[in-house]
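Chemist:
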Amino acid sequence: MTSPGSYNPQPPRPPWGIRPPPRKTESTRLPILTAPIPDQVVIPIQQCLDMTANAIVHPGQRVLTGEPIAQAVAQAESWAGPTVHASISGEIIAIEERPVPGPSPIAETCVVIHGDGRDERYPGYQDLGDPLQLEPERICELVAEGGIVGLGGALFSTAAKLRADKRIHALILNGAECEPYITCDEMLELENAETVLRGTRIMLRALGAPVAIIAVESEMPEDRVALNDAIEAAGDDDIHVAVVTAKYPAGGERQLIQMIMGQEVPEGGYPSDIGYVCHNVATAAAVADLFDRGRPLISRIVTLAGGGIETTRNVDARIGTRMGDLIESTVGYRIETTQLVMGGPMMGFLLPDDNLPVTKATNCLIVAEPGELSPPRPEMPCIRCSECSEVCPAQLLPQELLTAAKRKDMAALDELGLNACIECGCCDYVCPSHIPMTARFIAAKSNFREHHLAMETATRAQTRFENRQARLEQEARARDRELRDQVDELAESKPRIIDDLMARVKSRQDDT
Amino acid sequence: MSFVTGTAPHWRAQETVASMMRQVIYAMVPAITVYAMFFGIGIVINCLIACIVAVITEAGALLIRRRPVELFLRDYSAVVTAILLAFCLPALTPWWVTATGSFFAIAVAKHLYGGLGFNVFNPAMAGYVALLVSFPEALSQWTAPNIGDLDYQAPTAFMTLQFVLTGALPDGMMIDAITRATPLNAVKTGVGMMRTVDEIRSNPLFGDFAGRGWEWINSFVALGGFWLLYKGVIRWHIPVSLIGAMVAVSSLTYILDSSIHPGPAFQLLSGGTLLCAFFIATDPVSGATTTTGRIIYGAGIGILAFIIRTWGAYPDGIAFSVLLMNMAAPLIDRYTRPRPYGRAPKARH
Amino acid sequence: MTAAVLLLGLLTAIIATALSFASYRFAPDRTSAVERVNRLLPQTQCSQCGYPGCRPYAEAIVSGEAAINRCAPGGEAAILAIGQLLDQQPLPPDPAFGESKPAQVAAIAENICIGCAACLQACPVDAILGAPHHMHTIIASECTGCELCVASCPVDCISMEPK
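Protein chains in written order, with our numbering: chain D, 1 to 512; chain L, 1001 to 1349; chain R, 2001 to 2163.
As structure tokens, this is what we get:
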């Protein structure tokens, strides 16, 4: 049971992790700019992790800003997945496969809307009622209808994480953006602390949790001040602020829980297993916007950074805006760039071009100038210097994992804890031999999952086979028994039958 | 615009294997300079011979194994092995002995096991031990420090060069005139002859703490080691555990019987203890890799070295103890794995 | 004399304690060799190896009766794993006992099926649902792709499809 006294409001600097140059001050000098409404948006219908989605509109249809255009299908249970909404008003000109941003080039079904320039609002979410009076289940339903997913990049259905099927001791709000360049959460905390708090309160009600802890980074003291001021002004005594050291990747969900609450999420489990739920501060703000302003998730804050643009700042962009247009209409390209990263320099992915749409997962776009990102270097053999294991936030041995992954030794990978790897990239960062370990571990994880699936199938088949053998044996035994019983019966009644027969023969003989 | 793609992360630190090795070479320079000041330029000649042979052997081995020659030659690892080996050899080592040792270290101890990153044993120590066992007499031709008040003729630079390359000495001079025992050697033979440590130390070969000259050299080795620690090329676990273990056992025996045990200061500042602590045992490839494992590994070397020095047949047991702990390193690693995040601590069954 | 006896007694006591502790702390894994080999087989139960199921084949391997390269569904991975376990030289897969195929499941063409229940008897893992004179269907998630049902069908209505 967590009471405010039993969390650590200022955890000490962790022994793991790295301190890359933060590059954050450049993008926090200017306030968040609302990007101009784009002429056209391309909205992927699949914007929630692990849920397939169906479009609920058709080409030629006119839609308003915030109107539902796609629905995710929940895999189990009867509750619906998050909706996807139109981010501008206009006409749907196509529903077709378009390239979408991802670690590798991929095309998915998207709804393409040609804007009419009016940005007319869909009124369907205006009067949802005071969320603090609603039933928790209803809050979750509305959050899903509002299309809200984890805006930290995971895109996990927020409603699913708010459904408290376990006792929750604390809600942790992740505002500790530890990756360099990215400042969208920090600017949000600075400018809209009240919205974040309001969202927190709504989430607390949905979860039925007693306390919320907002985690911020030590390098941005203004955020802490803004949040504390807002908390004081509102008189919230169940919301607190914790400050974590600005060490990458302290903002990882599992690492935050370890640092602030002093407990580890068990292997193969979720934070809710130990009574904690973690949400991003932007997600909380989106929840507040839904109930207070009737606005479903149609835009998000994107940090535009890197040496390849004129000014670095945060912009509020509509989902589906073409990235090139977003950059050109807000900050402008400075050079002919050859590298565009979606996300941060540690976990983000390089995009093939800037024709891709902004999605709910786009937290940052780094337009890199030559030399800003590390060039590819030749890979040397591992010299076992163990720098990687010194920095690993999951306390793993990357050098051993590497050998096991190369050998495809599943048992060793399991023993070494491959599934605890959060793919943060710290090991790659410090490796003097420039071994691309993170990429190898991601590949190894998928081999591992396949192997496990195969093992499970094999075990099931073996059980069914053995059950079948048992059944056949039982049937055979039953048949044997029946046969024996028949033979016994026959043997018993044999003398009697023979006597009867003899008597009849005799009587016939007597008759003649 | 069309862009370049690749895998995350997109930032990497500047350290390379080559930059780490270069730092090690820089850290050795003060020690080599002081060594040359005390014992003549033999060390420099040995370093040169060893480096040249090492680089040629490495290039040859890479060619035979069809590996990228330039990539691996540029990582300076052969040079580091050569310098460390040369540092362990006496100034008057014949050139062919140095060359054989260097060849053995690179070709056998390194490349036959798979090259950089795959060698089980520390190549420099393997080379040194091969020489010690094969050419014991050549490896006992130590000169004495150039102090001047000894009944001893320090060889000049020319004499050294001539002897190393040709094995010839100026007319009439015997090898015994220009060689002396090392302090460790003196202690071992002296104790064997039932003399006390104090008596042995009255020999002008000894300085305040340990051998004359050797105290200075080892102090500069330590300085180089601190430089490496500062630069982050090595971590503190192995040096601290090695030195700590050595100090602990030698202090214990010193307290028990100071007449036959020279004490911690002597053990630290003589022979290769500090060189091993900062440069040899910290070789990442052949040592343990886990944090706890490294502490055990370092302590093991310290204790074994003390045992071999005190009760073994060789005056300096560092090389053997390193090789023995190299053998134990995989097992130590296996049993000192840290607990991954989220895994319950192992329950006793 | 007493000293010697006491010393030996003490030594025995120490060694006995050490051994009992070792047998408790380092207790060996009692899983039988057959079970271990069986765990490395894919449990398809297809009998392509010539044995009526995977466990009989495992038993044959351990007894030395059969070579380790007969399992077609297991492929090279199984051969390598079993070879490593039993310290035997891995052999290339034996083509006489079937060939390695990508994962597949059976499918019944419902318009041809006559409900004769022959395939129900043939399936080694009971992955076919049905009854005599009723439609039969394959439970796709449980089908191991062993193909034993294909031959048993008198009207050839079963085909194999990639998983």
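Virtual Cβ for every residue (Gly too), placed ideally from N, Cα, C.
So, Gly175(D) versus Val225(D), is the Cβ gap smaller than 8 Å?
Modeler: Result no, Cβ atoms of Gly175(D) and Val225(D) do not sit closer than 8 Å.
Chemist: Can you have a look at Ile260(D) and say buried or exposed, based on whether 16 or more other CB atoms are within 10 angstroms of its CB?
Modeler: Ile260(D) should be labelled buried.
Chemist: If the criterion is Cβ atoms closer than 8 Å, does the pair Cys1088(L) and Gly1211(L) meet it?
Modeler: Taking 8 Å as the Cβ cut-off, Cys1088(L) and Gly1211(L) do not qualify as a contacting pair.
Chemist: Gly2053(R) versus chain D: which residues are under 7 Å apart at the beta carbon?
Modeler: Under the 7 Å cutoff, chain D gives Phe465.
Chemist: Would you say Ile383(D) and Val1285(L) are within 8 Å of each other, going by their C-beta atoms?
Modeler: Yes.
Chemist: Kindly indicate if chain R contains any beta-carbon less than 8 Å away from that of Ala470(D).
Modeler: No, no contact with chain R.
Chemist: Whole angstroms are fine: how far does the CA of Ile2082(R) sit from the CA of Ala2033(R)?
Modeler: Rounded to the nearest angstrom, the two C-alpha atoms are 11 Å apart.
Chemist: Using a Cβ-Cβ distance cut-off of 8 Å, determine whether Gln486(D) contacts chain R.
Modeler: Chain R, which has no Cβ nearer than 8 Å to the Cβ of Gln486(D), makes this no.
Chemist: With 16 other CB atoms within 10 Å as the buried threshold, where does Trp1095(L) fall?
Modeler: Under this definition Trp1095(L) is a buried residue.
Chemist: Using DSSP bridges, identify the partner residues of Gly1211(L).
Modeler: Answer is Phe1206(L), bridged to Gly1211(L).
Chemist: Could you say which of Leu365(D), Cys426(D), Ala234(D) lies nearest to Pro101(D) if we only look at CA atoms?
Modeler: Out of Leu365(D), Cys426(D), Ala234(D), Leu365(D) has the C-alpha closest to the C-alpha of Pro101(D).
Chemist: Would you tell me roughly how many angstroms separate the C-alpha atoms of Phe465(D) and Ala2140(R), rounded to the nearest one?
Modeler: When rounded, the distance between both Cα atoms is 16 Å.
Chemist: I'd like to know if Ala461(D) contacts chain R, where contact means its C-beta is closer than 8 Å to some C-beta of that chain.
Modeler: Ala461(D) counts as touching chain R.
Chemist: For Leu2148(R) versus Ala2122(R), is the C-beta distance shorter than 8 Å?
Modeler: Yes, Cβ-Cβ distance for Leu2148(R) and Ala2122(R) is below 8 Å.
Chemist: Could you tell me whether the Cβ of Ser2152(R) comes closer than 8 Å to any Cβ of chain D?
Modeler: Cβ-Cβ to chain D under 8 Å: no for Ser2152(R).
Chemist: Between the C-alpha atoms of Ile1243(L) and Asp428(D), what's the straight-line distance to the nearest angstrom?
Modeler: About 32 Å.
Chemist: Below 8 Å between beta carbons: does that hold for Leu2080(R) and Pro2090(R)?
Modeler: Yes, Cβ-Cβ distance for Leu2080(R) and Pro2090(R) is below 8 Å.
Chemist: Could you have a look at Val57(D) and say whether DSSP puts it in helix, strand or coil?
Modeler: If DSSP states are grouped into helix, strand and coil, Val57(D) belongs with coil.
Chemist: Kindly indicate if chain R contains any beta-carbon less than 8 Å away from that of Ala478(D).
Modeler: False, the Cβ-Cβ gap to chain R never drops below 8 Å.
Chemist: Assess contact between the region 1007 to 1026 of chain L and the region 1070 to 1077 of chain L, defined as three or more Cβ pairs (one per stretch) separated by less than 8 Å. Is contact present?
Modeler: Yes, the region 1007 to 1026 of chain L touches the region 1070 to 1077 of chain L.
Chemist: Hey, is Met1037(L)'s beta-carbon within less than 8 Å of any beta-carbon in chain D?
Modeler: Met1037(L) does not count as touching chain D.
Chemist: Can you give me the start and stop residues for the alpha helix (DSSP H) that Ala585(D) sits inside?
Modeler: Residue 585(D) is absent from the model: chain D starts at 1 and stops at 512.
Chemist: Helix, strand or coil, according to DSSP, for Glu97(D) in the structure here?
Modeler: Of the three classes helix, strand and coil, the one that applies to Glu97(D) here is strand, per DSSP.
Chemist: Just the C-alpha distance for Ile1296(L) and Arg1337(L), rounded to the nearest angstrom, thanks.
Modeler: Going from the Cα of Ile1296(L) to the Cα of Arg1337(L) covers about 13 Å.
Chemist: I need the boundaries of the alpha helix (DSSP H) containing Glu415(D), first residue and last residue.
Modeler: Counting along the chain, the alpha helix (DSSP H) containing Glu415(D) begins and ends at 410 to 415.
Chemist: Check whether the Cβ of Thr2031(R) lies closer than 8 Å to any Cβ atom in chain D.
Modeler: With 8 Å as the cut-off, Thr2031(R) does not count as an interface residue toward chain D.
Chemist: Suppose contacts are defined by Cβ-Cβ distances below 8 Å. Is Gly1225(L) in contact with Ala1027(L) by that definition?
Modeler: Going by C-beta atoms, Gly1225(L) is nearer than 8 Å to Ala1027(L).
Chemist: Quick one, which of Leu1274(L), Ala1154(L), Thr1282(L), Ile1280(L) has its alpha-carbon nearest Phe1039(L)'s?
Modeler: Closest option to Phe1039(L), Cα to Cα, is Ala1154(L).
Chemist: For Pro357(D), list the residues DSSP reports as bridge partners.
Modeler: Its beta-bridge partners are Arg322(D).
Chemist: In angstroms with no decimal places, state the Cα-to-Cα distance between Val149(D) and Ala1008(L).
Modeler: Going from the Cα of Val149(D) to the Cα of Ala1008(L) covers about 24 Å.
Chemist: Considering only their Cβ atoms, is the gap separating Ile1255(L) from Met1191(L) smaller than 8 Å?
Modeler: Looking at the sequence provided, one finds Val at residue 1191(L) rather than Met. It is not a contact, given that the beta carbons lie outside the stated cut-off.
Chemist: What first and last residue would you give for the alpha helix (DSSP H) that runs through Glu2076(R)?
Modeler: Run containing Glu2076(R): 2075 to 2086, per the alpha helix (DSSP H) assignment.
Chemist: Cutting at 6 Å between CB atoms, please list the residues of its own chain near Val57(D), excluding the five before and the five after it.
Modeler: So the list reads Ile69, Ile92, once near-sequence residues are dropped.
Chemist: Taking its Cβ as the centre, do 16 or more other Cβ atoms sit within 10 Å of Val358(D), making it buried, or is it exposed?
Modeler: So Val358(D) counts as buried.
Chemist: Which residues of chain D have a Cβ atom closer than 9 Å to the Cβ of Ala1013(L), listed in chain order?
Modeler: In chain order: Ile18, Pro20, Ser374, Glu387, Tyr429, Val430, Cys431, Pro432.
Chemist: Could you compute how far the alpha carbon of Gly90(D) sits from the alpha carbon of Lys24(D)?
Modeler: The alpha-carbon atoms of Gly90(D) and Lys24(D) are separated by roughly 37 Å.
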